[in-house]
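Student: Have a look at this one.
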Amino acid sequence: MFRRGLKLLGIRHQLTDPGCPWQNGRIERLFGTLKEKLDQWQVPNIAQLNCDLSTFRYWYNHVRPHQNHDGRTPAEAWSGVDPYAKLPKQEH
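Going by our numbering, the first residue of the sequence shown is number 524, and it counts up by one from there.
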């Protein structure tokens, strides 16, 4: 079922060798960034944690540029947006 779902979504499932985090650098970087943020947050309850994680997800995917995406956010890379392209002139 899992493999079929991935296939339907056009996702290629990749496995890494046990004990070899360098084989999955993107995810390791994501978790490193998340750990940095978690160390800064004061989380009194699960509701606050869920709120903070939602905010982090938006920031990470829509605000924070990624070197791996040539300075684009993951959302820009996914949608094909070029943040450096000139905008068309608007007529007034």
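For every residue, glycine included, the Cβ atom is placed at its ideal position computed from N, Cα and C.
Rounded to whole angstroms, how far is the Cβ of residue 539 from the Cβ of residue 583, which I believe are closer than 8 Å?
Tutor: Taking the first residue of the sequence shown as position 1, residue 539 is located at position 16. Taking the first residue of the sequence shown as position 1, residue 583 is located at position 60. Residue 539 to residue 583, Cβ: 21 Å. No contact.
Student: Could you check the C-alpha separation between residue 600 and residue 570 for me, to the nearest Å?
Tutor: Translated into positions along the sequence shown, residue 600 becomes position 77. Translated into positions along the sequence shown, residue 570 becomes position 47. Approximately 31 Å, taken between the alpha carbons.
Student: Buried or exposed: which applies to residue 578, given that a residue is buried once 16 or more other Cβ atoms fall within 10 Å of its Cβ?
Tutor: If you number the sequence shown from 1, residue 578 lands on position 55. Exposed, since its Cβ has fewer than 16 Cβ neighbours within 10 Å.
Student: Under 8 Å by Cβ, that's how I've got residue 575 and residue 566 pegged, so tell me the actual separation to the nearest angstrom.
Tutor: Taking the sequence shown and counting its residues from 1, one reaches residue 575 at position 52. Taking the sequence shown and counting its residues from 1, one reaches residue 566 at position 43. Their Cβ separation, rounded to whole angstroms, is 7 Å, which keeps residue 575 and residue 566 in contact under 8 Å.
Student: Starting from the C-beta of residue 612, find all residues in its chain whose C-beta is less than 6 Å away, skip the five residues before and the five after it, and write them out in chain order.
Tutor: Within the sequence shown, numbered from 1, the residue matching residue 612 stands at position 89. If we look at residue 612 and ignore the five residues flanking it on each side, it has no Cβ neighbours.
Student: Relative to the alpha-carbon of residue 580, which residue among 536, 553 and 530 has its alpha-carbon at the smallest distance?
Tutor: The count along the sequence shown starts at 1 and reaches residue 580 at position 57. Per the Cα distances, 553.
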